[in-house]
Each structure stands twice: as structure tokens, then as C-alpha cells.
Amino acid sequence: MVWLSEKDTTRASEPPAAASPPVDQAKQPGGTNPAAPGQPGSGAKDQPGSTGGSAPEANAGTAVGTDSGKPVVSPPAADVKLSFVGDVMFASKVEDLLKKNGWDYPYHYVKDYLTKADITVANLETPISTRGTPQFKEYIYRSSPDALPAFKEAGFDIVNASNNHILDYGQDALLDTMDELDKIGIKRVGIGRNSQEAYGHEIIEHNGIKVAFLGFSRVVPETGWFAGNNKPGLAETYSTKLPLEAIAKAREEADLVVVFAHWGVERKDRPVKEQTELAHKYIDQGADLVIASHPHVLQGFEQYKGKWIAYSLGNFIFTTNTEPATWESMILNATCTKERSCDLQMIPILTKGAQPVRMTEEDGAKLFDKMSRISVNAKLDLDGKVTWSDKAPEPPASDSAPPAKPPAAQTQQKQQNAPNKPAGGGAAAGANGGTNAASGKTTPAQPAGKPASGGAAKHEPPNAASHQEPEASKKQP
Numbered sequence: 001m002v003w004l005s006e007k008d009t010t011r012a013s014e015p016p017a018a019a020s021p022p023v024d025q026a027k028q029p030g031g032t033n034p035a036a037p038g039q040p041g042s043g044a045k046d047q048p049g050s051t052g053g054s055a056p057e058a059n060a061g062t063a064v065g066t067d068s069g070k071p072v073v074s075p076p077a078a079d080v081k082l083s084f085v086g087d088v089m090f091a092s093k094v095e096d097l098l099k100k101n102g103w104d105y106p107y108h109y110v111k112d113y114l115t116k117a118d119i120t121v122a123n124l125e126t127p128i129s130t131r132g133t134p135q136f137k138e139y140i141y142r143s144s145p146d147a148l149p150a151f152k153e154a155g156f157d158i159v160n161a162s163n164n165h166i167l168d169y170g171q172d173a174l175l176d177t178m179d180e181l182d183k184i185g186i187k188r189v190g191i192g193r194n195s196q197e198a199y200g201h202e203i204i205e206h207n208g209i210k211v212a213f214l215g216f217s218r219v220v221p222e223t224g225w226f227a228g229n230n231k232p233g234l235a236e237t238y239s240t241k242l243p244l245e246a247i248a249k250a251r252e253e254a255d256l257v258v259v260f261a262h263w264g265v266e267r268k269d270r271p272v273k274e275q276t277e278l279a280h281k282y283i284d285q286g287a288d289l290v291i292a293s294h295p296h297v298l299q300g301f302e303q304y305k306g307k308w309i310a311y312s313l314g315n316f317i318f319t320t321n322t323e324p325a326t327w328e329s330m331i332l333n334a335t336c337t338k339e340r341s342c343d344l345q346m347i348p349i350l351t352k353g354a355q356p357v358r359m360t361e362e363d364g365a366k367l368f369d370k371m372s373r374i375s376v377n378a379k380l381d382l383d384g385k386v387t388w389s390d391k392a393p394e395p396p397a398s399d400s401a402p403p404a405k406p407p408a409a410q411t412q413q414k415q416q417n418a419p420n421k422p423a424g425g426g427a428a429a430g431a432n433g434g435t436n437a438a439s440g441k442t443t444p445a446q447p448a449g450k451p452a453s454g455g456a457a458k459h460e461p462p463n464a465a466s467h468q469e470p471e472a473s474k475k476q477p
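The opening position of the sequence shown corresponds to residue 1 in UniProt numbering, with each subsequent residue numbered one higher.
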């Protein structure tokens with residue numbers, strides 16, 4: 001399954017200098033840049049019901065008999081092509097770059113890959129709003145609705161929004177996020193006006209195949225973010241009762257069930273016990289594909305009972321930093337059939353300065369090798385195709401950090417110390433922290449009664465050991 005690399009043509013323009021220099025396309029199976037918009041290999045995403053482009057050779061049909069001496073060819077097996085990316089946001093330094101270079105800046109070199117899929121999926125790690133109250137946590141993000149048209153035009157059809165930033169500006173901004181996504185026609189999972197909506201699945205049908213998507217998070221700052229019977233919020237997966245019930249319901253209504261999870265330990269390239277246990281439970285309950293994010297770096301693949309797990313897709317469009325491991329990313333392609341089987345192919349991506357670019361052949365091969373080493377029972381070839389392997393993964397260089405603990409209950413004292421910035425205010429963050437509404441830049445909140453400068457202690461989420469942003473990212477505004 002090489003449905004994105006064999007027939008791609010070279011862009012008329014070259015990638016930015018920050019990317020590795022392009023190599024001859026004829027010599028590399030995994031490192032060319034996509035065609036420019038308007039060139040062969042580009043164009044808008046195919047409408048539902050069409051396969052789009054030429055079918056892979058494996059689906060070209062099979063001669064099964066003769067009719068008046070002529071071969072009778074069986075029709076190709078129907079499939080659906082899915083593309084997944086990891087964490088996406090449009091705030092902070094990313095917003096600065098997009099306002100300077102255009103809202104479509106992140107997609108210049110990857111749009112053709114994203115639009116070739118029948119369904120393209122991302123983890124939206126930001127509220128989309130211009131209002132709300134900044135929450136009492138160290139890093140908060142809020143993105144402008146102006147970012148969504150280019151995001152939609154780049155091919156994105158559905159997002160998981162159950163994560164540790166979606167309520168950074170409270171319920172008002174969460175409600176705006178749902179409204180903005182609904183208005184532009186991007187489906188969403190993992191959030192809702194109540195728990196029924198948050199845990200509900202979205203079905204997208206293509207080629208006669210119904211694909212159900214669900215989203216859950218095991219990284220939540222506090223229980224106040226959980227959706228309730230009459231309370232907006234997200235779908236959590238610290239407990240498994242509601243997620244497993246949701247998967248079972250989706251299994252009854254769809255041909256394929258895809259779970260997008262938010263979990264793990266930041267900057268660790270191996271899954272922790274909780275990730276593996278949850279993924280296996282999802283599949284035991286009826287999930288056909290488990291995709292995940294949050295660690296901000298890539299984690300490997302696992303095949304369990306014939307179903308694939310991608311433990312972390314890393315960053316795709318996220319805040320800039322100096323840690324090279326966070327620059328490694330992917331577009332993960334899955335070709336799935338109605339019989340509930342999926343083939344995976346990884347497109348190696350370098351993401352720096354809010355502009356993902358396909359890696360060169362040399363860098364892509366190194367990343368494929370790394371992914372083979374850190375995967376549980378999978379290996380990648382030079383085309384990025386993921387296959388089962390009986391080779392055990394190499395042990396991590398050091399012991400993994402402890403997994404995320406369940407969030408603490410919201411307390412009255414915490415609410416009293418929370419920032420009290422007017423909604424939509426344009427002033428820079430002060431003693432109470434928050435984000436500058438004009439620039440999107442964030443400063444940590446300070447304890448009540450202490451100045452913003454000096455050596456004041458930081459307030460951190462209840463499970464700060466596993467939820468706080470990494471040290472390198474603290475250098476960012």
C-alpha cells in the first residue's frame with residue numbers, strides 16, 4: 001500500500017531552507033515533496049462515494065473466469081483511505097507566524113498528502129474562540145476562528161478535541177469551539193454539551209463503508225473538565241465504563257471503529273502501561289484502529305489481535321522549541337476495508353516553525369528505522385509501510401516517567417486563586433497569569449497576593465508531574 005508516494009509529482013517550488021534538501025524523486029521511495037496545488041497529484045478531496053485517483057494494484061480486480069473466451073474480472077474490493085496527524089493548534093508563536101505568512105502557511109508542503117485521503121483527522125489541541133476565562137494552569141492556548149477556513153481547505157474532515165488544552169478558556173470557549181467547527185463543516189469527537197454528546201461517535205461513510213470515530217483523553221487537569229449529564233466538557237478515559245460502552249455502540253452501527261486517544265507521558269518515546277492496557281481494552285470491545293497523541297514526540301506501533309495501535313503521532317502544528325525529537329512527525333495513512341482490516345503507511349514529516357515538510361529520503365529512512373526500534377511488534381520498510389514483526393523492541397535508554405494520575409477534584413480554594421481576567425480582554429497577562437489576547441502568548445499564573453516578578457512559586461495542575469509542559473518548552477512565551 002503506497003497510495004501516496006508512487007505517483008506523486010515534484011512541487012514547482014522547493015521547501016523552505018529549514019527542511020533537508022530535496023533529492024531526486026526517482027531515487028527515493030519515501031522522501032519526495034508533494035505536487036503543488038493545480039499540478040498533477042493535487043486537487044480538492046474527492047467527494048464521498050468516489051475512490052479518487054487510480055486504485056492500488058492490489059485492488060485492481062482479479063480474473064476469475066471466462067465469458068465467451070474473454071476473462072471476467074471481479075470488481076476491486078472497496079476500501080477507505082484515512083489520514084491522521086497529531087497535535088494541532090494555532091495560538092502563541094504559531095499564531096504570530098500565521099498572521100505574518102497567511103493562515104494557509106502550515107499546509108504549503110503537505111496539503112496534497114492531506115487531500116488525497118478520503119477522510120483526514122487531527123487532534124485539535126486548542127479552543128477556537130475569542131472569549132472565555134483563562135484557566136488556572138501553566139500553559140493555556142486559544143486560537144482564532146480565522147484559522148479554520150484554511151484548516152478545512154487543507155483537507156481536514158474531523159478532529160478529536162478531547163485533550164488537556166480544549167478547556168483552557170473554560171466552557172464559553174468550549175461552546176464556541178463546537179459552534180465554529182459545526183459552522184465550517186468539520187466534525188468533532190471527544191467533546192460535547194453533555195456527556196452523551198462527548199462520548200458519542202461520528203460516522204463518515206465513503207465507498208459504502210461506514211467509519212465511526214470516537215475521542216477520549218487520559219490527560220485532564222481536573223475533574224471539572226469532565227462532561228456531565230447537563231454539563232459541557234470532554235470524554236475522559238481514566239475510567240473505562242463510558243468509553244467501552246461508547247465503542248460497543250459504535251461497533252453496532254459502523255463497519256469500522258476508530259478511537260483517537262490522548263494519553264501518555266510527554267517526551268517519552270515508549271508507551272506506558274496505561275496506554276497499552278487501554279488500547280487493548282478498546283480493541284477487545286470492538287475498535288479496529290487506535291490512534292493517539294499527547295507526548296509531543298513519536299511513539300511506535302503495535303499490532304494486537306490483528307488491529308493496529310499508533311501510540312503517538314507527535315506534533316503536527318504546535319509551538320516551536322529547541323528539542324529535535326519534537327520536530328519529528330508523521331502523516332499516518334490507513335487503507336481499510338469493510339472486512340475491518342487496515343494497512344498502514346507512514347509519511348515522514350519534519351515540523352518546525354509551524355510548517356510541516358516531508359523529510360528527504362535519508363532523514364525519512366532514519367526515522368523509519370527509529371520507529372521500527374521503538375515499536376512493540378512492528379517494522380517499517382523504506383516506503384514507510386508498517387508490517388508485523390516478531391522482533392522485540394529495544395529497551396528504552398532510561399526508565400520511563402510515571403504515568404499520568406487521575407486529576408484531582410476541583411476545589412473551592414483553587415477557584416478562589418484562579419485568574420479573573422475579563423473575557424476577551426486585550427491586556428497582557430499580569431500577576432494572575434493568562435494569555436495576551438492580542439498575541440496569544442502565555443505567562444504562568446502567580447499565587448494570589450504575590451507579584452508576577454521575582455521568585456514566586458508556580459501553581460501547577462494536580463497531576464503536574466506528568467501533565468506539565470516539558471522544560472524545553474518553558475523557554476517559549
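Idealized CB from N, CA, C, for every residue including glycine.
For isoleucine 140, name the three-state secondary structure that DSSP assigns.
coil
Note the first and the last residue of the continuous alpha helix (DSSP H) segment covering glutamate 253.
241 to 253
How about isoleucine 347 and asparagine 333: do their beta carbons lie closer than 9 Å?
yes
How would you call threonine 115, buried or exposed, if buried means at least 16 neighbouring beta carbons within 10 angstroms?
buried
Which two residues bound the contiguous alpha helix (DSSP H) that contains asparagine 101?
92 to 101
Which one or two residues does DSSP pair with tyrosine 304 in a beta bridge?
Lys307
Could you check which residue in Met359, Pro324, Arg193 has the C-alpha nearest to that of isoleucine 331?
Met359
For glutamine 355 and tyrosine 109, believed in contact at Cβ under 8 Å, the rounded distance:
7 Å
Go ahead and pull the three-state DSSP assignment for glycine 38.
Here glycine 38 scores only 36 on pLDDT, less than 50, and its place in the model is too uncertain to base an answer on.
Hey, is the stretch 206 to 219 in contact with the stretch 158 to 167, meaning 3+ C-beta pairs nearer than 8 Å?
yes
In terms of DSSP beta bridges, what is glutamate 236 paired with?
Ser217
Give a yes or no on whether the C-beta atoms belonging to histidine 201 and alanine 254 are separated by under 9 Å.
yes
Three-state secondary structure (DSSP) of glycine 170:
helix
Does the distance from the CB of lysine 268 to the CB of glutamine 299 come in under 9 Å?
yes
Mapping DSSP to helix, strand and coil, what is threonine 223?
helix
Glycine 86 lies in the beta strand (DSSP E); which residues open and close that run?
79 to 88
Within its chain, find whatever has a CB closer than 7 Å to the CB of tryptophan 388; leave out the 5 residues flanking it on each side and keep chain order.
Gln303, Asn377, Ala378
Roughly how many angstroms lie between the CA atoms of threonine 319 and valine 80, to the nearest whole one?
32 Å
Segment contact flag, the stretch 96 to 104 with the stretch 221 to 239, C-beta cutoff 8 Å, min 3 pairs
no
Starting from methionine 359 and walking both ways along the beta strand (DSSP E), at which residues does that stretch end?
From DSSP, methionine 359 is part of no beta strand (DSSP E); its letter is neither H nor E.
Out of Asp288, Gly286, Ala261, state which residue places its alpha-carbon closest to the alpha-carbon of glutamine 275.
Ala261
With a CB to CB cut of under 8 Å and the five nearest residues on each side skipped, what residues in its chain are close to tyrosine 282?
Pro243, Leu244, Ile247, Val259, Ala261, Val290
When DSSP labels each residue in this structure, what does glutamate 328 get in the three-state scheme?
strand
Taking the alpha carbon of alanine 147 as the point to measure from, which residue in Asp179, Glu138, Trp103, Asn160 has its own alpha carbon closest?
Trp103
Whole-number beta carbon distance between tryptophan 327 and lysine 352, since they are thought to touch under 8 Å
5 Å
DSSP state of alanine 279 mapped onto helix, strand, coil:
helix
6 Å CB neighbourhood of glycine 192 in its chain, flanking five on each side removed
Ala198, Ala227
In this structure, does DSSP put arginine 340 in helix, strand or coil?
coil
Evaluate proline 232 with the Cβ neighbour count: other Cβ atoms within 10 Å of its Cβ, from every protein chain shown; 16 or more gives buried, anything less gives exposed.
buried
Alpha carbon to alpha carbon, how far is isoleucine 203 from arginine 340? Give it in angstroms, no decimals.
15 Å
So which of Ser293, Gly364, Lys338, Ala325 has the shortest CA-CA distance to aspartate 87?
Ser293
Assign glycine 215 to buried or exposed, taking buried as 16 or more other Cβ atoms, counted over all protein chains shown, within 10 Å of its Cβ.
buried
Have a look at Ser144, Pro127, Ile184 and flag the residue whose alpha-carbon is nearest the alpha-carbon of aspartate 172.
Pro127
Beta-carbon proximity check, valine 265 vs valine 257, cutoff 9 Å
no
Beta strand (DSSP E) segment containing glutamate 205, residue limits
202 to 206
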